[in-house]
Amino acid sequence: MSDPPPAYSAAVEASHASCSAEYVIGSSSSTAASWTDSELRMVSSSRHFHDQFDRRLLLHGCNLSGINKLPSKPDGATHVLNEGWWDHENVSFVGRPFPLDEAHDHLARLSQWGLTFVRFVVTWEALEHSGPGQYDTDYIDYLRSLISLFPEYGIKCYIDAHQDVWSRHTGGSGAPTWTLELVGFDIRNLKATGAAHAHNLNLDDDDPAPQNWPSGYTKLAGATMATLFWAGETFAPKRQVKRGQSAAVWGQDAPDEKVGVQVFMQKCMIGAFGALADALTNLPAVIGFEVMNEPHPGYIGLHSPYSFNLKKDLAIGHFPTAVQSWALGAGHSVLIDHYGPSFPVTAVTHQTLISPPKGITAWKEGVECVWKEQGVWAWDEQKKEALALRIEYFNQHPETGIQTDWAKDFYFPFCRDFGERIKEANPRWYTMAEPLPNEPCPRWTPESQPHNLIYAPHWYDLQALFTKSLGFMTANVQGLARGMFLLRALYFGRNGTRKNYTAQIREVIQSGYRTLGELPIILGETGVPFDLNGKQAFASGDFSWQERQMDAICSALERNLISFNLWNYNPLNTDQWGDSWNAENFSWFSQSDMTRVKFDAAKSEDERLNVGARVLDAIERPYASKVAGIPYAFSYDFKLLQCTFSYVNPTNPKDFRTRRPQNLATTDDPPIPGTMPRSRETEIYLPRRRFGGLNSRLKVRLSDGEWKYDEELQTLYVLHANLTPGFIHTVRISVDGEVLDALLIIAGMIVLGITMTCALSQYDQE
């Protein structure tokens, strides 16, 4: 059973100074967007973190950073290919995301923007690239030095064990490349045999686009490695290695003992992140570790080697079936389907014959395809095609015939093992875990949960993500994949985009509450591709579509009262190369906007830090970070600078009359039984760039109590007066003149439109 959250007794803990009748509002040392003096506690039957005064916490932040996927030496950018790319053992990630001597500007920037909750990206490769059990202590020391700076800027973080499509050499990031060689792959032959799609190897104009990288999940290398990592003992028991290949204590204890590749790789990954956890154990900024970014089951659960489930696996570019991949990997020529954009899912555009050079296979010399070794397929020399010999091999346990369940049988046990190792370093830390991408929350029983589980799913607008376009209409692609009626899945206009995203994110979050109960949920990734609509904004400087999408995403997160990490802050982003990884461009901060003209025009330190930022009006938003009650509703219009927030005094935890059945849990009507905060003061981050310097124009209306805005600290303090259980407090923030200004602009546009219509009509008559 998962360990219960740490027990805190309200009876023996101090109350916030605001509980005193003599308290002067805003006189504590706390500020809204700083977590340095705040504990982040997990409390039974609460969907929010609590601080030491039982205030409910909403944390806003970002991923730091996409560039961490790639080595700093040699430059690991995916649009670069040199011989150093093949020398995977001799790399360094020191300086990712930025050198220590540049840390102040970057961390001060995030702090100023209120993005002080960081999902810190670390790959397994960065820790253990030189070989099994050989840890990069220089990189670990660098991480410790960098994260030690976080408290100065109010930042808390958790470590994200990041991967995409297994590893860099299979087109993504994550695992050390020696893992591929461990199971028998020859990394120099992966492209020729269609076993992987790596941007570095596809730099010519007629090569497949880098955006095709997700297709690597179903290609031979990525799918095989995921299957072996999760379930090698079940599906490939014949593929074994000696423990002594690892330099870690576990390997050297019994160097000649043979173990399956699943056991070996899992021991290595957990050992590497365990070593990092040991190094960070006493750093107050760290709250936990995430098990794995966007895990993929590989072939596990595959009903037939002759087809994939296109509702779950993205078919894009060259897309061989499993059995076709096996044949290609063995050096045979195969005619495969090519998929291109369509709506609502991709469709076959043509077929392509892939013919590996004679004598070339995806496997090292003398190594047989692991799936042929297990008797899953064979090559029919007469028909010149691959034949699957065991159709249900990956859907049913090969020995027992019982249907496999990737989450229950393989993912949950690994999460527990990972969480136990992190617990050894610090028992107060949390274990973040997520489902398969675009899948609902798996049915985690209490017995199968890792130590201090925090659910951390992701969400993206899949239509914008893969078409890199945004317009008047948006679609609920995930709803369509589940069979939603087309017209119900379409939304129109700015407000329609907000409603669409709010509904989709609500579905993701409610799935967690209804499955796992009331525990904290973090949306670990969501973001905007800044190269939308043919990269027009880079030439025009008009990022209004990106701003619209960012606002819709943030609005949806706020309305669902959820903590989150935006993807991503990348200090090396440029218009030409984006985030330097597979042509992705998600960073709202860009070197391309850091011009000398803008630096010279900056009149203050605040303005200097903002140079390089885009769509900042949509990102730098008010939020109630430390709430002396239960967050109940939130809305914000970043154009009109109008914000409404309500929170409720908890009722008796035993009062089941005010609690919904868990299978009906919703973000629209959060449960209100709970522990009464030992504080009357709520802190709201109110960015001074947008709300400061307004003097009497800033208006705050309260249902009860008093308020004070400290512009320097970017904090609106609200001291409520009504202590009645169940009472709903309301805070309304606005700026005098903003609504009138907006109405005048709209009226002016209407008048202009009428004038132009009349002029055109007169012109036609003439």
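Residues 999 to 1764 (my numbering) make up the sequence shown, in order. All C-beta atoms, glycine included, are put in the ideal place defined by N, C-alpha and C. Treat the numbers as computed from the prediction; the structure is a model and nothing was measured.
| said: With a threshold of 6 Å on Cβ separation, who are the neighbours of residue 1111 within its own chain once the five nearest residues in sequence on each side are excluded? | reply: Once the five neighbours on either side are set aside, the close Cβ partners of residue 1111 are 1618.
| Alpha-carbon spacing of residue 1300 relative to residue 1672, whole angstroms | Distance from the CA atom of residue 1300 to the CA atom of residue 1672, rounded to whole angstroms, is 44 Å.
| request: Look at residue 1435 and residue 1456 and say whether their C-beta atoms are less than 8 Å apart. | output: Remark: C-beta atoms of residue 1435 and residue 1456 approach each other more closely than 8 Å.
| field | Contacts around residue 1695, its chain only, beta-carbon distance under 7 Å, and the 5 residues preceding and following it disregarded | value | For residue 1695, same chain residues with a beta-carbon under 7 Å away, outside a window of 5 residues either side, are 1733, 1734, 1735 in chain order.
| query | Where DSSP assigns a beta bridge to residue 1321, which residues make up the other side? | reply | DSSP lists no partner for residue 1321.
| query | DSSP on residue 1515, reduced to helix/strand/coil? | reply | Taken through DSSP and simplified to helix, strand or coil, residue 1515 comes out as coil.
| message | Quick check on the DSSP output: what are the complete beta strand (DSSP E) runs of length 3 or more inside the stretch 1379–1429, in order along the chain? | response | Runs found: 1383–1386.
| message | Considering just the uninterrupted stretch of the alpha helix (DSSP H) at residue 1552, what are its terminal residues? | response | Here the alpha helix (DSSP H) through residue 1552 covers 1542–1557.
| message | Given a cut-off of 8 Å on the beta-carbon distance, is the pair residue 1330 and residue 1346 in contact? | response | With respect to the 8 Å criterion, residue 1330 and residue 1346 are not classified as neighbours on the basis of their beta carbons.
| task | Measure the alpha-carbon distance for residue 1048 versus residue 1574 and round it to whole angstroms. | result | Roughly 43 Å separates the two Cα atoms.
| task | Compare the beta carbon distance of residue 1520 and residue 1430 with 8 Å and say whether it is the shorter of the two. | result | Cβ distance < 8 Å, so residue 1520 and residue 1430 count as in contact.
| said: Report the CB separation of residue 1419 from residue 1268 in whole angstroms; it is logged as a contact under 8 Å. | reply: Between residue 1419 and residue 1268 the beta-carbon gap is near 5 Å, inside 8 Å, which marks them as a contact.
| Option nearest residue 1201 by Cα separation, candidates 1077, 1024, 1081 | With distances taken between CA atoms, residue 1201 lies nearest to 1077 out of 1077, 1024, 1081.
| By Cβ distance below 7 Å, which residues in the same chain neighbour residue 1550 in space, the five residues on each side in sequence not counted? | Excluding sequence neighbours, residue 1550 sits near 1495, 1496, 1499.
| query | From residue 1737 to residue 1106, what does the alpha carbon distance come to, in whole angstroms? | reply | With a pLDDT of 49 at residue 1737, under the threshold of 50, the predicted position of this residue should be treated as unreliable, though the coordinate-derived value follows. Answer to the nearest angstrom: the Cα atoms are 32 Å apart.
| task | Using DSSP bridges, identify the partner residues of residue 1336. | result | 1316, 1348, per the DSSP bridge assignment.
| request: Determine, using beta carbons only, whether residue 1145 and residue 1281 come nearer to each other than 8 Å. | output: Yes, they are a contact pair.
| message | By the DSSP assignment, the beta strand (DSSP E) with residue 1833 in it spans what residues? | response | No answer is possible for residue 1833: the residues shown for the chain start at 999 and end at 1764.
| Cα-Cα separation between residue 1492 and residue 1553, rounded to whole angstroms | Between residue 1492 and residue 1553, the C-alpha separation is close to 11 Å.
| task | Output yes or no for whether 8 Å exceeds the beta carbon distance between residue 1580 and residue 1211. | result | Yes, they are a contact pair.
| Burial state of residue 1647, where buried means 16 or more other Cβ atoms lie within 10 Å | That one is buried.
| request: Compare the Cα-Cα distances from residue 1564 to each of 1726, 1133, 1615, 1058 and report the closest residue. | output: Ranking 1726, 1133, 1615, 1058 by Cα distance to residue 1564 puts 1058 first.
| First and last residue of the alpha helix (DSSP H) that includes residue 1686? | Here the alpha helix (DSSP H) through residue 1686 covers 1686–1689.
| Proximity of residue 1669 and residue 1626 at Cβ, strictly below 8 Å | No, the Cβ-Cβ distance between residue 1669 and residue 1626 is not below 8 Å.
| request: Verify whether the separation of the beta carbon atoms of residue 1215 and residue 1311 is less than 8 Å. | output: Taking 8 Å as the Cβ cut-off, residue 1215 and residue 1311 qualify as a contacting pair.
| CA-CA distance, residue 1415 and residue 1448? | CA-to-CA, the gap between residue 1415 and residue 1448 works out to about 8 Å.
| Going straight from the alpha carbon of residue 1264 to that of residue 1611, what length do you get? | If you draw a straight line from the Cα of residue 1264 to the Cα of residue 1611, it is about 40 Å long.
| query | Distance, Cα to Cα, residue 1257 vs residue 1368? | reply | Residue 1257 and residue 1368 have their C-alpha atoms spaced approximately 16 Å apart.
| Counted within 10 angstroms of its Cβ, other Cβ atoms place residue 1186 as buried (16 or more) or exposed | Its Cβ having fewer than 16 others within 10 Å, residue 1186 is exposed.
| task | Verify whether the separation of the beta carbon atoms of residue 1172 and residue 1109 is less than 8 Å. | result | No.
| Pick from 1013, 1022, 1012, 1018 that is closest to residue 1706, judged by C-alpha positions | Answer by Cα proximity: 1022.
| task | Assign residue 1144 to one of three DSSP states: helix, strand, or coil. | result | It is helical.
| task | Determine the contact status of residue 1228 and residue 1295, defining contact as a CB-CB distance below 8 Å. | result | For residue 1228 and residue 1295, yes; Cβs fall inside 8 Å.
| CA nearest to the CA of residue 1477, picked from 1686, 1459, 1464 | Looking only at 1686, 1459, 1464, the smallest Cα-Cα distance to residue 1477 is reached by 1459.
| Less than 7 Å between the CB of residue 1427 and some heavy atom of the ligand NAD, yes or no? | With respect to the ligand NAD, the structure offers nothing, as it holds no ligand at all.
| How is residue 1139 classed by DSSP in three states: helix, strand or coil? | If DSSP states are grouped into helix, strand and coil, residue 1139 belongs with the helices.
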